[in-house]
Amino acid sequence: MTDEICIKRCIELANKACGKTYPNPLVGSVIVHNGKIIGEGYHKMAGEPHAEINAINSVKNPELLKDSTIYVSLEPCSHFGKTPPCANKIIEIGFKKVVIGTLDSHDKVNGKGKKLIENAGIEVISGILDEECKELNKRFFTFHQKKRPFIVLKWAESGDGFMDKNFKPFQIGNPLTKQFVHQLRSEEHAILVGTNTALHDNPSLTTREIVGRNPVRILIDFDLKIPRDFNIYNDQAETLVFNSLKESDEGKFKFIKINRENFLENLMKKLHEQQIQSVLVEGGRYTLQQFINSEIWDEAIIIKDENLYLGNGTHAPDFPAKSYKTEIFRNNIVKFYKNY
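Letter by letter, the sequence shown follows residues 56 to 395 in our numbering.
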């Protein structure tokens, strides 16, 4: 059983908690004894045991641990948070070997976990499926390295490039893509819309089509035009309202003042302060185009019905990027883009 196979299994395990571990990263762990997997675990939720601890606790015969290799997709932590450092537990048990997918760039870890384990006389190998492990935690790494959330743009458009019909809401996506979008929402930390989208569509921005967590809602509403009886103000999710009028904390609703000048730059700083790691931007053309023009985006997803012609309405954003992947959802084509 190769190191690559075991790290790949760590990634598979970690992905089971996608969208559930904020602000922590996704991590999976596997324990191997004499070429056989004897333990597995992953980090399920912030505040709960980390992947390594869950893997250790899953081993039926603990006496085998000291002669085993522990694999982990991300460098074991070396600091005290809500849970003790995993590096210390690995040293306490005395594993024969530790294999790490990628190092943790977070300033509290950043090689310290690996060094701690090595200094205890345990063999450590790192950089196994390094790129795949970094991709697993693209949100976490972007947040800590770029000091802003990972930004995903998403919109639907007709074959002739309109987002609505005669400037009124029109359902372009089919039931399959609707479920797909709700799955996306559950995986990203937050979801963002502007005033116009909130007024015209009255969205809830929840994951009602699937079983999954509701993202934090972000509303850009400078003049606080959205009535408090609109869906975005229901109690189903925490909501951040960026505006130019007031700063207040009202339970699930936090009103945050922001300047219109250099708006996106200010917004990224404010969201970083609020510990928001990723944002799905589901706004209208104006909001989306601002992100595109400023080059503040990491991924984009465009849902298109090429046989649907609406003739008139809001034009889809101008978006010159080339897709790297296309998927078919019945009559909808979904194109995926990367900017990293």
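Just so you know, even glycine gets a beta-carbon here, dropped at the ideal spot from N, CA and C.
Since the structure is predicted, the reported quantities are computational estimates derived from the model, not experimental observations.
Inter-stretch contact (C-beta, 8 angstroms, three-pair minimum) for the segment 338-352 and the segment 296-314:
no
Name, in chain order, the residues that DSSP records as bridge partners for I202.
First, the residue type needs correcting, since residue 202 is Lys and not Ile in the sequence shown. Partner(s): none; K202 has no beta bridge.
List the residues that DSSP assigns as beta-bridge partners of H237.
Its beta-bridge partners do not exist; DSSP assigns none.
Between Q234 and the rest of its own chain, which residues show a CB-CB distance below 8 angstroms, the 5 nearest in sequence each way excluded?
E264 and I265
CA nearest to the CA of N109, picked from K121, V127, E118 and D122
V127
Quick one: what's Y126 bridged to in DSSP?
V85 and V154
Environment of R272 [buried if 16+ CB atoms lie within 10 Å]
buried
By Cβ distance, which residues of its chain are closer than 8 angstroms to R240, with the 5 residues on each side in sequence left out?
I246, L260, T261, T262, G267, N269, P270 and L335
What are the boundary residues of the alpha helix (DSSP H) that K325 is part of?
F318 to E328
Less than 7 angstroms between C-beta atoms, sequence neighbours within five positions excluded: which residues of the same chain meet that for A142?
P131, C132, S133, G168, L171 and I172
6 angstroms Cβ shell around R194 - same chain, five flanking residues per side excluded:
F205, Q332 and S333
Tell me, please, whether the segment 210-218 touches the segment 355-369 by the rule of three or more beta-carbon pairs shorter than 8 angstroms.
yes
Drop a sphere of 10 angstroms on the beta-carbon of P282, count the other beta-carbons inside from all chains shown, and report buried for 16 or more, exposed for fewer.
exposed
Over the uninterrupted beta strand (DSSP E) stretch that includes Y379, give me the two end residues.
Counting along the chain, Y379 falls outside any beta strand (DSSP E), and DSSP gives it neither H nor E.
In this structure, does DSSP put H161 in helix, strand or coil?
coil
To the nearest angstrom, how far is it from the Cα of E186 to the Cα of D58?
15 angstroms
Assuming G96 contacts S84 under a Cβ cut-off of 8 angstroms, what Cβ separation, rounded to an integer in Å, is found between them?
5 angstroms
Assuming H327 and K202 make a contact with CB atoms under 8 angstroms, what is their CB distance in whole Å?
5 angstroms
Span of the beta strand (DSSP E) holding K393?
N387 to K393
Contact the segment 372-385 vs the segment 220-232: 3+ CB pairs below 8 angstroms:
yes
Can you tell me whether DSSP reads R283 as helix, strand or coil?
coil
I need the boundaries of the alpha helix (DSSP H) containing N70, first residue and last residue.
D58 to N70
Which value, in whole angstroms, describes the spacing of the CA atoms of D278 and M323?
20 angstroms
Using C-beta distances below 7 angstroms, list every residue in its chain close to H255, excluding the 5 sequence neighbours before and after it, in chain order.
P224
Between the Cα of N70 and those of K91, H98 and N116, spot the shortest distance and give me the residue it belongs to.
H98
Among K63, I177, E242 and D353, which has the Cα closest to the Cα of P78?
E242
State yes or no: is the C-beta of R94 within less than 8 angstroms of the C-beta of V114?
Before going further, note that residue 94 is Gly rather than Arg in the sequence given. Taking 8 angstroms as the Cβ cut-off, G94 and V114 qualify as a contacting pair.
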